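> In full-length UniProt numbering, the protein residues as written are 2 to 405. Glycine included, C-beta positions come from ideal geometry on N, C-alpha and C. This one's a predicted model, so the numbers in the text were calculated from it and none came from an experiment. There's a structure below that I have some questions on.
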Ligand code: FAD
């Protein structure tokens, strides 16, 4: 039995263990996860790791000695299939493990295609190191790659593969890339950038089937067209890995519902990170799941403090980044639900920001190669300032001057 058992050894799980010790937690801690590696950073998987610029060792969140010194028992390669909230016990690979407090930090599993040919060789998702290693091992024999899904992960992978000399086609079902997370000007900007780098972008394109005998040879669209491909990368989102908790009676659905202290409806069970459905004041007080390192780390800190009896509430401003080619996108706030968006600066100069408003107040910024806007724009979002859109479009005036 462990005083705190953390299930899921990714960003949130690792940070929860770190934060427990930072807050002087003296009890026993175990960090259990189904991957074989020490906890590592996931964002480089579609960026510097896929491109070969960063070796895996540089992705580790902490080295083995750190976990040993902090007396965090690592239990890698184990999968929790059931939770008994009354007995305070989980089942991992058939074996019971007791807990005093349970922190559920399992993230999500990639959604897969369900069409004909979805299980052919050469079809990949991008969630774990193993996923990316499998993909990289095949790359030498691959000339044409179809990326299904024009979200951040798909676009990042497309950028890396284009740089590696592959002929890449991005297939997006909606009428623009990044449609779920960004405004149209940002989508159009990234579409143009990818096209300028030789990536083909197909919008409003439904995948009907993956073609091939043993290995993928192409992707058939609903209009009958076949896009030839030796590899397909599927980046169409994740399903939160919460079945054992829901089966145990936790309230939730698309994720496990948590309160501002990251407590689930089950006694002594917390949930954090991608799998945690929480009411977020930056999403107009609606219940959302956020898929970002920021959210995983900040919720981990709140859960750890709560366990240590230190008062804490999750109230952090969301932020996120994405690197494609030489473009550094940084976002702050949640743009979904905006009723207006203005472009600050000149997209043609490849340095600009998109400023999102709801009812006259700034709710989010997407900043492309515009670090100052990102840093100074945070305050606009945190304070929900009603900055004049006519003033903010002038990028020659720093945001901090406009806001004061
Ligand atoms: P994870 O880090 O996914 O960790 C969950 C762990 O639990 C995994 O190891 C999983 O296999 C394991 N697990 C699941 N179920 C079980 C079970 N039943 N038993 C045992 N173990 C289990 N975010 C950013 O902010 N910026 C970025 O640029 C960015 N880029 C990304 C690029 C890629 C390719 C990916 C995949 C994600 C990216 N993200 C990025 C998102 C970010 O990585 C996640 O939000 C973050 O990892 C969430 O942390 P987590 O602890 O909730 O889940």
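What's the call for residue 175, buried or exposed, on a 16-neighbour Cβ count within 10 Å?
On the chain shown, residue 175 is found 174 positions in, with the first residue counted as 1. It counts as exposed.
> Assuming the contact rule is C-beta atoms closer than 8 Å, residue 369 and residue 352 should be a hit. Round their C-beta distance to whole Å, please.
Locating residue 369 in the chain shown gives position 368, counting from the first residue. Locating residue 352 in the chain shown gives position 351, counting from the first residue. Their Cβ separation, rounded to whole angstroms, is 7 Å, which keeps residue 369 and residue 352 in contact under 8 Å.
> For the beta strand (DSSP E) that contains residue 48, what are its first and last residues?
Within the chain shown, numbered from 1, the residue matching residue 48 stands at position 47. Neither: residue 48 is in no beta strand (DSSP E) and is coded neither H nor E.
> Could you tell me the distance, in whole angstroms, from the CA atom of residue 407 to the CA atom of residue 16?
Given that the chain is displayed from residue 2 to residue 405, the structure contains no residue 407 and the question cannot be resolved.
> Look up residue 2 in the DSSP assignment and give the residues it is bridged to.
Locating residue 2 in the chain shown gives position 1, where the first residue counts as 1. Per DSSP, none; premise fails for residue 2.
> Determine, using beta carbons only, whether residue 258 and residue 251 come nearer to each other than 9 Å.
As a working mapping, residue 258 is identified with position 257 in the chain shown. As a working mapping, residue 251 is identified with position 250 in the chain shown. Taking 9 Å as the Cβ cut-off, residue 258 and residue 251 qualify as a contacting pair.
> For residue 99, which of helix, strand or coil comes out of DSSP?
Along the chain shown, read from residue 1 onward, the residue named residue 99 stands at position 98. In the structure shown, residue 99 sits in a strand (DSSP, three-state: E or B).
> Okay, do the stretch 163-175 and the stretch 205-223 touch, 3+ Cβ pairs below 8 Å being the bar?
Touching, per the Cβ criterion.
> By how many angstroms is the C-alpha of residue 219 removed from the C-alpha of residue 234?
Taking the chain shown and counting its residues from 1, the one referred to as residue 234 is at position 233. Taking the chain shown and counting its residues from 1, the one referred to as residue 219 is at position 218. Spanning the two alpha carbons is a distance of roughly 12 Å.
> If you drop the 5 nearest sequence neighbours on each side, which residues of the same chain put their C-beta closer than 6 Å to that of residue 272?
Numbered from 1 along the chain shown, position 271 holds the residue referred to as residue 272. So the qualifying residues of the chain are 105, 257, 259 and 265.
> Rounded to a whole number of angstroms, what is the C-alpha to C-alpha distance between residue 2 and residue 65?
If you number the chain shown from 1, residue 2 lands on position 1. If you number the chain shown from 1, residue 65 lands on position 64. Cα-Cα distance, rounded: 22 Å.
> Heavy atom of the ligand FAD less than 8 Å from the Cβ of residue 324, yes or no?
Locating residue 324 in the chain shown gives position 323, counting from the first residue. Yes, the ligand FAD has a heavy atom inside 8 Å of this Cβ.
> Contact defined as beta carbons within less than 8 Å: I believe residue 100 pairs with residue 5. What is the distance between those atoms, to the nearest angstrom?
As a first step, residue 100 must be located in the chain shown, where it is residue number 99. As a first step, residue 5 must be located in the chain shown, where it is residue number 4. With 8 Å as the limit, residue 100 and residue 5 qualify as a contact, their Cβ atoms being about 7 Å apart.
> Could you check what DSSP says for residue 26 in three-state terms: helix, strand or coil?
Taking the first residue of the chain shown as position 1, residue 26 is located at position 25. Three-state result, residue 26: coil.
> On the three-state DSSP scale, how would you describe residue 368?
Locating residue 368 in the chain shown gives position 367, counting from the first residue. Strand at residue 368.
> Residue 82 lies in the beta strand (DSSP E); which residues open and close that run?
The count along the chain shown starts at 1 and reaches residue 82 at position 81. 81-85 is the extent of the beta strand (DSSP E) around residue 82.
> Say the cut is 8 Å; is the CB of residue 47 nearer than that to a heavy atom of the ligand FAD?
Residue 47 sits at position 46 when you count from the first residue of the chain shown. Checking the Cβ of residue 47 against the ligand FAD gives yes.
> Go through the stretch 203-287 residue by residue and report every complete run of the alpha helix (DSSP H) that reaches 4 residues or more, in order.
For the stretch 203-287, whole alpha helix (DSSP H) runs of length 4 or above, ordered along the chain, are 244-248.
> Please find out if some non-hydrogen atom of the ligand FAD comes closer than 8 Å to the beta-carbon of residue 55.
The residue you call residue 55 lines up with position 54 of the chain shown. For the ligand FAD, not one heavy atom lies less than 8 Å from the Cβ of residue 55.
> Nearest to residue 314 by CA position, among 373, 247, 329 and 301, is which residue?
By 1-based counting over the chain shown, the position of residue 314 is 313. Comparing Cα positions, the closest option is 301.
> Relative to the C-alpha of residue 254, which candidate in 278, 231 and 268 has its C-alpha closest?
On the chain shown, position 253 is the one that residue 254 refers to. Ranking the options by Cα distance to residue 254, first place goes to 278.
> Is DSSP giving residue 178 helix, strand or coil here?
Numbered from 1 along the chain shown, position 177 holds the residue referred to as residue 178. Here residue 178 sits in coil by DSSP.
> Using the C-alpha atoms, what's the distance from residue 84 back to residue 402?
Sequence index remark: in the chain shown, residue 402 carries index 401 (1-based). Sequence index remark: in the chain shown, residue 84 carries index 83 (1-based). Approximately 53 Å, taken between the alpha carbons.
> Use the C-beta contact count for residue 323: other C-beta atoms within 10 angstroms, 16 or more gives buried, fewer gives exposed.
For this step, residue 323 is matched to residue 322 along the chain shown. The residue is buried, with at least 16 neighbouring Cβ atoms inside 10 Å.
> What whole-angstrom Cβ distance do residue 145 and residue 231 have, given they're in contact under 8 Å?
By one-based count along the chain shown, residue 145 stands at place 144. By one-based count along the chain shown, residue 231 stands at place 230. Yes, residue 145 and residue 231 are in contact; Cβ-Cβ is about 5 Å, under 8 Å.
> Given the structure, does residue 257 come close to the ligand FAD, in the sense that its CB is under 8 Å from one of the ligand's heavy atoms?
To locate residue 257, count along the chain shown from 1; it is residue 256. Outside the cutoff, so no.
> Using a Cβ-Cβ cutoff of less than 7 Å, which residues in the same chain neighbour residue 112 once the five nearest sequence positions on both sides are dropped?
Here residue 112 corresponds to residue number 111 of the chain shown, with the count starting at 1. Cβ neighbours of residue 112 beyond the five flanking positions: 237, 238, 239 and 240.
> In chain order, what residues of the same chain lie with their CB nearer than 8 Å to the CB of residue 154, ignoring the 5 residues before and after it?
Numbered from its first residue, the chain shown carries residue 154 at position 153. So the qualifying residues of the chain are 47, 127 and 236.
> Go ahead and pull the three-state DSSP assignment for residue 342.
The residue given as residue 342 occupies position 341 in the chain shown. Of the three classes helix, strand and coil, the one that applies to residue 342 here is strand, per DSSP.
> Does the stretch 28-39 come close enough to the stretch 70-83 that 3 or more CB-CB pairs lie under 8 Å?
Judged by Cβ distances under 8 Å, the stretch 70-83 makes contact with the stretch 28-39, as three or more pairs qualify.
> Please list the terminal residues of the continuous alpha helix (DSSP H) segment that includes residue 306.
As a working note, residue 306 is residue 305 in the chain shown. Its alpha helix (DSSP H) spans residues 294-308.
> Cα-Cα, which of 405, 224 and 195 is closest to residue 328?
Residue mapping note: residue 328 aligns to position 327 of the chain shown, counting from 1. Considering only alpha carbons, the answer is 195.
> Quick check on this structure: which residue in 376, 108 and 52 has the alpha carbon closest to the alpha carbon of residue 141?
Walking along the chain shown from the start, residue 141 turns up at place 140. Among 376, 108 and 52, the Cα nearest to that of residue 141 is on 52.
> Cα-Cα, which of 87, 91 and 212 is closest to residue 121?
Residue numbering aside, residue 121 sits at position 120 when the chain shown is read from its first letter. Ranking the options by Cα distance to residue 121, first place goes to 212.
> Mapping the DSSP letters down to three states, classify residue 152 as helix, strand or coil.
Counting from 1 along the chain shown, the entry for residue 152 is found at position 151. Coil.
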